[in-house]
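In what follows, a single structure is set out as structure tokens and then discussed.
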Amino acid sequence: MSPSATTTTPGAAVPAASEVPQKQPWGEVDASAMVKTLVPEADQRPVPAVDDPVRIGQNCTAAHMVQVPWSMETGWGTPVMSPYGKIALEPTASVLHYATESFEGMKAYRGYDNKLRLFRPQLNCARMVKSNARVGLPSFDPQGLLDIITAYISIECRRWLPDQGSNIYLRTAMIGSGCALGINQPPEALFFLFAVLFPQASGLPHPGIKLLASSPEHIRAWPGGFGSAKVGASYGPSMVLHAAAKAKGCSQTLWLFGEDRLVTEAGASNFFVVWKKKNGQGIELVTSSLDTGVILDGITRRSALEIARERLTKEASGKYTSLDALEVVERPFSMDEIVEAHAEGRLVEAFVTGTAMFVTPVSLIHYDDRDINLPMTVTDDGHKIPHAKYSSAIKAWLEDIIYGRVDHEWGYVVEEQ
1 MSPSATTTTP GAAVPAASEV PQKQPWGEVD ASAMVKTLVP EADQRPVPAV
51 DDPVRIGQNC TAAHMVQVPW SMETGWGTPV MSPYGKIALE PTASVLHYAT
101 ESFEGMKAYR GYDNKLRLFR PQLNCARMVK SNARVGLPSF DPQGLLDIIT
151 AYISIECRRW LPDQGSNIYL RTAMIGSGCA LGINQPPEAL FFLFAVLFPQ
201 ASGLPHPGIK LLASSPEHIR AWPGGFGSAK VGASYGPSMV LHAAAKAKGC
251 SQTLWLFGED RLVTEAGASN FFVVWKKKNG QGIELVTSSL DTGVILDGIT
301 RRSALEIARE RLTKEASGKY TSLDALEVVE RPFSMDEIVE AHAEGRLVEA
351 FVTGTAMFVT PVSLIHYDDR DINLPMTVTD DGHKIPHAKY SSAIKAWLED
401 IIYGRVDHEW GYVVEEQ
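For the sequence shown, position 124 (counting from the first letter as 1) is numbered 124 according to full-length UniProt numbering, and the numbering increases by one without interruption.
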């Protein structure tokens, strides 16, 4: 049941049931039954300005959160929207011992038309169902989750997202909260949702991020594992190498896999490279394919691929851009291919995509004690930035959608209360 406060653009329906794991017989989440205990606006703390340094810590939360309990005996409970605060857990809670946890990250956007939007949230909701199934957490109708999210932001964003062209990060999570040390599906679980104020993009050209390629002894994900699910167990063990990357002056880890040193993800983002073909016959946009089972089906990744196929290939015939047409390729590719393309002068650019990073160019990859520098250009004011014409075009097209400069089915409009 969709809240009456939510409207969608054509084509924005939640994926069909056949596209997500089958529902479990425990009822569904009912956003229309949400109980609200709200803090009066006069008692809420001031909303930090978009350039306030307090946002840098990424722990400046909005005033409220939503919680929905679940139990194997009674199914889904009543959603409650209440002041943001601590969650109480027993020491024997499943999540504290066996990582029975899943999460999603998305953003709400304040358009230049002052409308509130989400970007393809149906895909996030469907993906969370799949992640839950991977770690034994309960299933739900993706539409029910979307209803909870829209009901929450229709209230919260009126105050906490006032500035046009800005966004606020939304974190949905589910944890096994049942009090049982046995290695079984958690008998109880808790869904919760809250919003966090992130630093806002400056609007200036990005200087590019530096990546540290992982060594063979460090593996983020493997076939048959859970690297394709958005669960905490995929990220916690990566933090040690992330710290090592920071110590070397890099922003993220470029995760490689197997003897062939296949390129998978960059930190918590998907990775793309643009290069000229070896035979000199054109340009390719390449990213790792999903069939390896070791990367996440990122929403921004999927959108970048789809819009690139629509607007950057020969079939587009220059309708959207004057850039040279390219071929969009999803396949396993190795670090050696990047090294070779660099040595032969065929590297055009590289970039990462994700909810937090959005579309961000890469300036350098540190691999086996050497630096692979991506092509750079100099701005009018003398700053060196990555040559990022293709990723800049993709970013601009996506920003037009999320901030309402153009009407598009990927923009999910939410009416505010």
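Even glycine gets a Cβ: it sits at the ideal position worked out from N, Cα and C.
Contacting residues, own chain, Cβ-Cβ under 6 Å from residue i (five flanking each side not counted)
i: GLU416; result: LEU116, SER154, ARG158
i: ARG134; result: PHE226, ALA229
i: ARG331; result: SER289
i: ARG301; result: ASN270, THR353
i: ARG120; result: ILE299, TRP410
i: CYS125; result: PRO142, LEU145, LEU146
Local conformation of residue i per DSSP, three classes
i: MET106; result: strand
i: LEU290; result: helix
i: LYS395; result: helix
i: LYS384; result: strand
i: VAL406; result: coil
i: ASN124; result: helix
i: ILE307; result: helix
i: ALA173; result: strand
i: GLU327; result: strand
i: PRO83; result: strand
i: VAL39; result: coil
i: THR300; result: helix
i: ALA266; result: strand
i: GLU315; result: helix
i: GLY354; result: strand
i: GLY225; result: coil
i: ALA213; result: strand
i: VAL414; result: strand
i: ILE283; result: strand
Bounding residues of the alpha helix (DSSP H) (the contiguous stretch that carries residue i)
i: ARG159; result: 142-160
i: THR377; result: Counting along the chain, THR377 falls outside any alpha helix (DSSP H), though it belongs to the beta strand (DSSP E) covering 376-378.
i: HIS242; result: 239-247
i: TYR112; result: No alpha helix (DSSP H) contains TYR112, which DSSP labels as neither H nor E.
i: LEU96; result: 94-98
Limits of the unbroken beta strand (DSSP E) element including residue i
i: ASP371; result: 370-373
i: GLU188; result: 188-197
i: ILE338; result: No beta strand (DSSP E) contains ILE338, which is instead part of the alpha helix (DSSP H) from 335-343.
i: HIS206; result: Where HIS206 is concerned, there is no enclosing beta strand (DSSP E), given that its DSSP letter is neither H nor E.
i: HIS64; result: 60-71
i: SER269; result: 269-276
i: SER363; result: 358-367
Close Cβ partners of residue i (< 7 Å) along its chain, the five nearest in sequence each way excluded
i: ARG261; result: SER334, MET335, ASP336
i: VAL328; result: LEU285, LEU305, ALA308, ARG309, THR313
i: THR360; result: HIS206, ILE209, PHE351, VAL352
i: SER187; result: It is worth fixing the name first, because residue 187 is Pro in this sequence and not Ser. So the list reads SER71, MET72, GLY178, ALA180, once near-sequence residues are dropped.
Pairwise C-alpha distance: residue j and residue i
i: HIS242; j: ALA325; result: 35 Å
i: PRO21; j: LYS130; result: Reliability of the predicted coordinates at PRO21 is poor, the pLDDT of 45 falling under 50, and no value is obtained from them.
i: MET65; j: ARG346; result: 49 Å
i: ASP52; j: PRO199; result: 8 Å
i: PRO138; j: TRP70; result: 8 Å
i: PHE192; j: MET357; result: 23 Å
i: ILE56; j: GLU73; result: 42 Å
i: ALA266; j: ILE365; result: 11 Å
i: SER391; j: GLY77; result: 44 Å
i: TYR112; j: LEU398; result: 14 Å
i: SER322; j: LYS389; result: 11 Å
i: LYS210; j: GLY249; result: 7 Å
i: MET376; j: GLN44; result: 46 Å
i: ILE87; j: GLN67; result: 10 Å
i: ARG171; j: MET106; result: 7 Å
i: GLU41; j: VAL196; result: 17 Å
i: TYR152; j: ASP407; result: 24 Å
i: GLY318; j: ILE401; result: 20 Å
i: VAL294; j: ARG405; result: 35 Å
i: ALA221; j: HIS387; result: 30 Å
i: PRO216; j: VAL274; result: 25 Å
i: LEU89; j: SER177; result: 7 Å
i: VAL47; j: TYR320; result: 38 Å
i: THR61; j: PHE103; result: 17 Å
i: ILE394; j: GLU101; result: 32 Å
i: TYR412; j: GLU156; result: 17 Å
Close-in-space but distant-in-sequence residues of the same chain around residue i (CB under 8 Å, 5 per side omitted)
i: LYS23; result: Interpretation of LYS23 is limited by its pLDDT of 47, a score under 50 that renders its predicted location unreliable; the figure taken from the coordinates is listed afterwards. Hits under 8 Å: ALA17, SER139, PHE140, ASP141.
i: ALA13; result: Annotation note: pLDDT 46 at ALA13 (below 50); position unreliable, coordinate value reported separately. Closer than 8 Å at the Cβ level, and outside the excluded window around ALA13, lie GLN122.
i: THR37; result: VAL80, MET81, SER82, PRO83
i: MET34; result: VAL66, THR78, PRO79, VAL80, MET81, ILE148, ALA151
8 Å Cβ cutoff, residue i in contact with chain B
i: ARG370; result: Protein chains in the displayed structure number just one, and chain B is not present.
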